[in-house]
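Colleague: Residue numbers (the numbering used here): 42 to 140.
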């Protein structure tokens with residue numbers, strides 16, 4: 042993932058420069074999708090999303106539902122699966138997984 046981290050830093054710097062230093066830049070989910078799309082040597086099947094998301098859920102206690110995101114993708118033809126930590130919302134779980 043070292044190359045992903047340096048690619049993300051480069052993309053954020055370009056976004057920062059193009060906006061004159063303003064703005065937060067792209068989100069981590071968008072950056073992950075761009076990284077996968079730009080680095081692939083093998084074409085993904087048509088009508089199939091670049092990032093395939095799934096979510097598990099559990100009851101942390103009697104009243105708290107938590108979610109964990111999992112993303113699957115092909116990187117240079119090699120399948121990858123990444124699971125994040127448990128979070129109180131699907132959106133937080135998805136962002137954590139993408140990071």
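C-beta atoms are modelled at their ideal positions from N, C-alpha and C, and glycine is treated no differently.
So residue 95 packs on residue 111, CB below 8 Å; how close in whole Å?
Modeller: 5 Å
Colleague: Short check: CB of residue 93 to CB of residue 113, under 8 Å?
Modeller: yes
Colleague: Select from 69, 139, 77 the residue whose C-alpha is nearest the C-alpha of residue 117.
Modeller: Ranking 69, 139, 77 by Cα distance to residue 117 puts 77 first.
Colleague: Leaving out five residues before and five after residue 101 in sequence, what residues of the same chain have Cβ atoms less than 8 Å from its Cβ?
Modeller: 107, 127
Colleague: Between the alpha carbons of residue 120 and residue 88, how many angstroms are there, rounded?
Modeller: 17 Å
Colleague: Contact criterion: CB-CB distance below 8 Å. Does residue 74 meet it with respect to chain E?
Modeller: Of the protein chains in this structure there is only one, and it is not chain E.
Colleague: Taking the straight line between their C-alpha atoms, what separation do you get for residue 90 and residue 74?
Modeller: 10 Å
Colleague: Which class does residue 107 belong to by DSSP, given the choice of helix, strand or coil?
Modeller: strand
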